[in-house]
Amino acid sequence: MTDVFEPLNLGGLDPLVDVAGSEEPDSSEAVHIRIQQRNGRKCLTTVQGIKQQYDYKKVLKALKKEFCCNGTVVEDPELGQVIQLQGDQRKNVTDFLTKAKLVKKDQIKVHGF
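First residue of the sequence shown: 1, per full-length UniProt numbering; consecutive thereafter.
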C-alpha cells in the first residue's frame, strides 16, 4: 500500500531547476538603455552592451543623425564603451536598434524614471 504522505510525481516542472535552453537572454547579452539627470530639465541617455563587432562611432553617427541630437562614445573601465546621447532618447534608441536589427527586442532593458 502507498503511504499517504508520499509525494506524487505528476510530471510538473521543478521551479528551482534551471531549464536548459531557456529563452531568457544573459545579462552579458542585454543592451541597457539608461537615463541620467543632469542639471534642471537636462538629461543624458546612455546605451551600454552593444556587441563589440559593431563600430560604435558609426552607430553613434546614425543615432545623432536620426534623432537630431549630440552624442559621444565614452570608454568606461568597468562597462567598456558606452554611447551617450543628449536628451531623453530611450524610446527612440529602442526603436532604432530593433529596426536596424542590431539587437532583438527582448535583449533591451530600459532603465530610468
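We put the CB at the ideal spot given by N, CA and C, even for glycine.
Your pair residue 93 and residue 47 checks out as a contact, with CB atoms roughly 6 angstroms apart and the cut at 8 angstroms. Closest in alpha carbon position to residue 74, among 83, 66, 68, 67, is 83. In the three-state reduction of the DSSP assignment, residue 89 falls in the coil class, being assigned neither a helical nor a strand state. Taking C-beta separations shorter than 8 angstroms and ignoring five residues to either side along the sequence, the partners of residue 98 in its chain run 104, 105, 108, following chain order. By alpha-carbon distance to residue 71, the top candidate from 62, 96, 77 is 62. Per DSSP, reduced to three states, the secondary structure at residue 52 is coil, with no helix or strand assignment. Secondary structure of residue 29 (DSSP, three-state): coil. Just measuring C-alpha positions, the residue of 111, 113, 96, 112 sitting nearest residue 60 is 96. Setting aside the 5 residues that flank it on each side, residue 90 is surrounded in the same chain by 33, 35, 45, 110, 112, each with a C-beta closer than 7 angstroms to its C-beta; the list follows chain order.
Among the bridge pairs identified by DSSP, residue 76 is matched with 80. Secondary structure note for residue 110: its beta strand (DSSP E) is the uninterrupted segment 108 to 110.
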